[in-house]
Amino acid sequence: MDELDCEVLVVGAGPAGVAAAATAAECGRDVLVVDDNRHPGGQIWRRSVATGTPSIAERWLGRAQSAGARFAFPLRIADAHDPTRLVAVGDDGPIALRCEQLVLALGASERFLPFPGWTIPGVCGVGGLQALVKQGLAIRGQRVAIAGSGPLLLAVAASLREHGACVLGIFEQAPRSRVRRFGLGLLARPGKLAHGLGLLNRLRGVPRHHDAWPTRVEVRGSSLRATFRTTHGERTLDVDWLAAGFGLVPNVDVAALLGCRIEDERVVVDEFTRTTIPDVFAVGETIGIAGVEAALSDGITAGLACAGRDADARRAARARYRERRFGDALARTYALRDELRALAAPDTVICRCEDTPIADLAHCADAREAKLLARCGMGPCQGRVCGPALAFLRGWSRDSVRPPLVPLTFSELSALDEPPCR
Amino acid sequence: MTDVADAIVVGAGIVGAACADALAQDGWRVRVLERARPGGRATAAGMGHVLVLDDSEAQFALTRLGRDLWRARDWPPSVERDDCGTIWVAADDAEFDAARGKSEWYAARGVRTGLLDARALRDAEPELHEGLRGGLHIADDLVVHPPTATAHLLACARAHGALVEPLRSVRVVGDGNVELDDDTRLSAALVVVAAGLDTPRLLGHRPDALRIRAKKGHLVISDRAPGFVRHQLVELGYLKSAHGGTARSVAFNAQPRRSGQLLLGSSRQVDVVEPRVEHDMLAAMIARAMRFLPRIGSLPGLRVWTGLRPSTDDNLPFIGRLPDAPRTIVAAGHEGLGITTSLSTAKLVADLAADRTPCIDPRWFACDRSTAELAHG
Ligand SMILES: Cc1cc2nc3c(=O)[nH]c(=O)nc-3n(C[C@H](O)[C@H](O)[C@H](O)COP(=O)(O)OP(=O)(O)OC[C@H]3O[C@@H](n4cnc5c(N)ncnc54)[C@H](O)[C@@H]3O)c2cc1C
Ligand SMILES: Cc1cc2nc3c(=O)[nH]c(=O)nc-3n(C[C@H](O)[C@H](O)[C@H](O)COP(=O)(O)OP(=O)(O)OC[C@H]3O[C@@H](n4cnc5c(N)ncnc54)[C@H](O)[C@@H]3O)c2cc1C
């Protein structure tokens, strides 16, 4: 197996990872950044075929590169039990990654919740639809409804609109009063406030509902008929796309394999973003959903801490804590309501890989039983979709994480053991 | 607090579940105490191959009866029963001779077998390597999904009045009584200890002879690849790996699942209890499989896991009363055959409990058997 060596290995090239890489490299550390995408940027900085890479992303990436950080794409971590030697897979099969310190900047994934029709083509995630559009999906003139929860709904609606989509409605499950209170809280954060107002401005004319959520989707000819529960009763819309995402869930799989402590679906870290495993740091959405500024200040803190610049890291941690408080406000505002637990009908599929209807889970006590008795989470995605849904629906924590983190062929699996050729 | 129940079963793996079912059907008032969740330990890790084995007369008797009981029962679809049969694969002339010998041995005992030459083997399993010499086909072996089978057995037991209590951990087992971690003491006319690997610890210092050690195994499952293999395929050298004395070994063992997936085993590491996937064992196992199924390397693997087989020094489970605690019956130590032998174990336990003529010679499995005596006797 080929091998790449570095002092600091950063997994994930979103804002948190790039900030950590730039900072550590500027402090003289030898840094390698890997990501399973072909381009750096993560979610929010994802390069668009139409509009390119956002300028703030260019700035951070430029800093990292001029400080000598190396990037290797696409590489996805497949196994990790020793934090100084991870195994990743790319286009040419497995490769070993050796490092002294490890920064996990794995980002987050969307939480999907099952409702009748959620698996029909044309129904997808909110971030998922945005990613498709950035990769070139022709959305111009297409009718889109956006549902679920969180500021992501607005951000994506605005960006889809700019790509020419007709956004027919935004359905936010959180109550209007809570969202308004959250907005008022932004008065203390002029940057975020301006960003929020800018979004609303870009969304002028788009109906925005609160206390509203999708209840079912059916195919009607060549379009989808989506039904929503709103404060004014049922609403139906005929659309080409329904994007539905119920908040973000930290990606923690690599951390889980390494044995880092995970609580409340996120990796536990200290002031310096150190996890419970020595020389393993975690930053950005991996330690909790708090937005891009939090990700950047986490990254800076971790970069400094990796370089042993404790005093500076402590100073950076102050900004980090402020941003993390914003994350707490986000979590309070967009907490999912109980009614969403009852959206699925008995025959609604919960596990898309294995076609498990939710009724099959009636006698299961936890995620492991759901898997062993009803095949839920056994398929290629290994519970990455149904796991977060069941965490909300039933309060079940995820079943144990095992390698490989991505499907690998048997040959690749057996190559994981090959001694590195030095 | 004390309570009385006719029979207490400690442990709800497949062995405990089968015992609960058999005892409940016999009219015992059964109470099952399971530390965690039913079927969540060794039973959740196993391959679910239900097979006859000729390792010894004792092993044969237990597997044969076990397999026949599996066949005789109606299983719900969730148990994924597949009557795919086994093919023992012979790599060379010597192994093919051994296959012929086994075929005769089995035939003399009424087991349906068929000898396959190289051509017939390839017709039966086109993905097998062309250079292989032949195989022994055991038509009546089957494949099942152990966790759902365990759930079904417990449901049947409940239908006969059994009480199944998950999340109840037993600390120590005495003669017709148990003490739980929460200090509850329960007594009963009969206690069946089916706690797998944990059994010796529960019995305290008592029977030194009752040694159960872990044999760790790795398994890897593929994404759906229907028809890649059609029978459970095992190399004839398997028993050398399974019951040989070596600390680490691998053997080729490939199983078609009803889902169309392929489940690949098997490895054995004695006294290793750490659940981590070990890449050297995994690599050795896959390399072994590639000698038989050269194109297996291109199948996508979804998940690798490990499990601990509860193994005894003579490869036979303990099934019998404790000599110094006659109201307590042990049913543990089934190594890599506990799915197959769960039902026959349960029948023997129920026979012993009712003082009926046992379905199988119980001396083979007695807790105080002397290995040397049985081997030479
Ligand atoms: C689907 C989605 C869409 C979003 N869209 C917006 C938006 O439009 N506007 C907005 O303000 N916020 C958006 N967010 C929130 C935004 O991503 C965060 O606020 C911010 O990007 C956090 O940065 P990060 O570095 O922690 O994570 P990310 O930007 O998600 O970066 C993590 C990177 O790590 C990679 N990775 C993960 N696991 C592995 C592995 N095992 N091996 C290799 N690489 C790995 C990921 O592919 C990803 O590139 C979105 C989030 C998600 C999940
Ligand atoms: C990799 C592998 C492959 C295998 N393949 C096959 C195969 O193809 N065919 C086959 O026939 N067999 C196979 N086996 C063997 C089979 O899985 C085991 O022999 C069988 O599951 C043992 O069942 P059990 O009920 O004795 O043990 P377990 O399933 O381990 O059950 C014991 C139960 O007791 C409970 N318990 C423990 N301590 C306490 C306590 N203090 N209080 C209360 N409850 C307690 C546990 O929680 C557990 O649920 C395989 C095993 C492995 C590991």
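Sequence lines, in order, name chains P and F.
Sequential numbering from 1 applies to the first sequence in this note's numbering.
Sequential numbering from 423 applies to the second sequence in this note's numbering.
C-beta: ideal position from N, C-alpha, C; glycine also.
Problem set entry | F/SER764 in three-state terms, based on DSSP | helix
For this session: Please name the residue, chosen from P/VAL31, P/ARG337 and P/VAL156, that lies closest to P/GLY68 on a Cα-to-Cα basis.
Result: P/VAL31
Problem set entry | Spatial neighbours of P/ARG422 in its chain, beta-carbon cut-off 8 angstroms, leaving aside the 5 residues before and after | Below a pLDDT of 50, predicted positions are generally treated as unreliable, and P/ARG422, at 39, falls in that range; no measurement from the model is reported.
Exercise. Which whole-angstrom value describes the C-beta separation of P/ASP5 and P/ARG140, a residue pair presumed to lie in contact below a C-beta threshold of 8 angstroms?
Worked result: At roughly 46 angstroms, the Cβ-Cβ gap does not stay under 8 angstroms, so P/ASP5 and P/ARG140 are not in contact.
Exercise. On the three-pair Cβ rule with 8 angstroms, is the stretch 431 to 443 of chain F touching the stretch 757 to 769 of chain F?
Worked result: yes
Exercise. What are the start and end residues of the beta strand (DSSP E) that includes F/GLN677?
Worked result: 670 to 678
Problem set entry | Own chain residues within Cβ distance below 8 angstroms of F/PRO780, not counting five before or after | LEU770, ASP773 and LEU774
For this session: Answer with buried or exposed for P/LEU187, where buried requires no fewer than 16 other C-beta atoms within 10 angstroms of its C-beta.
Result: exposed
Problem set entry | As assigned by DSSP and simplified to three states, the class of P/ASN201 | helix
Exercise. Using a beta-carbon distance below 8 angstroms, is F/PRO569 in contact with chain P?
Worked result: yes
Exercise. If the cut is a Cβ gap below 7 angstroms, which residues of chain P does F/HIS701 touch?
Worked result: LEU416 and ASP417
Problem set entry | Three-state secondary structure assigned by DSSP to F/SER720 | helix
Problem set entry | Backbone secondary structure at P/VAL385 - three-state DSSP | coil
Exercise. What residue does the beta strand (DSSP E) around F/VAL613 start on, and which one ends it?
Worked result: 607 to 615
Exercise. Given a limit of 7 angstroms on CB to CB distance, which residues of the stretch 701 to 731 of chain F reach chain P?
Worked result: HIS701, ASP702, LEU704, ALA705, ILE708, ALA709, ILE718, GLY719, SER720, LEU721, PRO722, GLY723, LEU724, ARG725, VAL726 and TRP727
For this session: Kindly give me the distance between the Cβ atoms of P/ALA225 and P/THR236, rounded to whole angstroms, as I take these residues to be in contact under 8 angstroms.
Result: The sequence as given places Arg at residue 225 of chain P; Ala does not occur at that position. Right, their Cβ atoms sit about 6 angstroms apart.
Exercise. Comparing the CB of F/ILE430 with every heavy atom of ligand 2, is any distance shorter than 7 angstroms?
Worked result: no
Exercise. If you follow the beta strand (DSSP E) that F/HIS390 is part of, which residue opens it and which one closes it?
Worked result: Residue 390 of chain F is absent from the model: chain F starts at 423 and stops at 799.
For this session: Starting from F/ASP645, find everything on chain P with Cβ-Cβ shorter than 7 angstroms and list it in chain order.
Result: PRO380 and PRO407
Problem set entry | CA-to-CA distance, F/LEU473 to F/THR485, given in whole angstroms | 7 angstroms
Problem set entry | F/GLU601 beta carbon near ligand 2 (any heavy atom closer than 7 angstroms) | no
Exercise. Which residues in the same chain as P/ALA370 place their Cβ atom closer than 6 angstroms to its Cβ, once the five residues preceding and following it in sequence are excluded?
Worked result: LEU361, CYS364 and CYS376
Exercise. Is it right to say P/TYR321 is buried, meaning 16 or more other beta carbons lie within 10 angstroms of its own, or is it exposed?
Worked result: exposed
Exercise. Ligand 2 heavy atoms versus the CB of F/HIS653: any closer than 7 angstroms?
Worked result: no
Exercise. Going by C-alpha distance, which of F/GLU502, F/ASP519, F/ALA611 and F/ARG593 is nearest F/PRO748?
Worked result: F/ALA611
Exercise. Taking just the CA atoms, how far does P/PRO114 sit from P/ALA244?
Worked result: 10 angstroms
For this session: Determine the contact status of P/LEU390 and P/THR215, defining contact as a CB-CB distance below 8 angstroms.
Result: no
Problem set entry | F/ASP514 versus F/GLY659, F/LEU455 and F/PRO648, residue with shortest Cα-Cα distance | F/GLY659
Exercise. Is the beta carbon of F/VAL472 within less than 7 angstroms of some heavy atom of ligand 2?
Worked result: yes
For this session: Verify the CB distance criterion: does F/ALA573 have a CB-CB separation below 8 angstroms to chain P?
Result: yes
Problem set entry | Length of the line joining the Cα atoms of P/LEU9 and P/ASP355 | 38 angstroms
Problem set entry | CB contact below 8 angstroms: F/GLY553 versus chain P | no
Exercise. With a cut-off of 8 angstroms, does the C-beta of F/VAL437 fall near any C-beta of chain P?
Worked result: no
Problem set entry | Among F/GLY433, F/LEU759 and F/ASP477, nearest to F/GLY462 - alpha-carbon criterion | F/GLY433
Exercise. Is the distance from the Cβ of F/GLY618 to the Cβ of F/ALA464 below 8 angstroms?
Worked result: yes
Exercise. Residues of chain P with a CB under 8 angstroms from the CB of F/ARG459: which are they?
Worked result: ALA365, ASP366, ARG368 and GLU369
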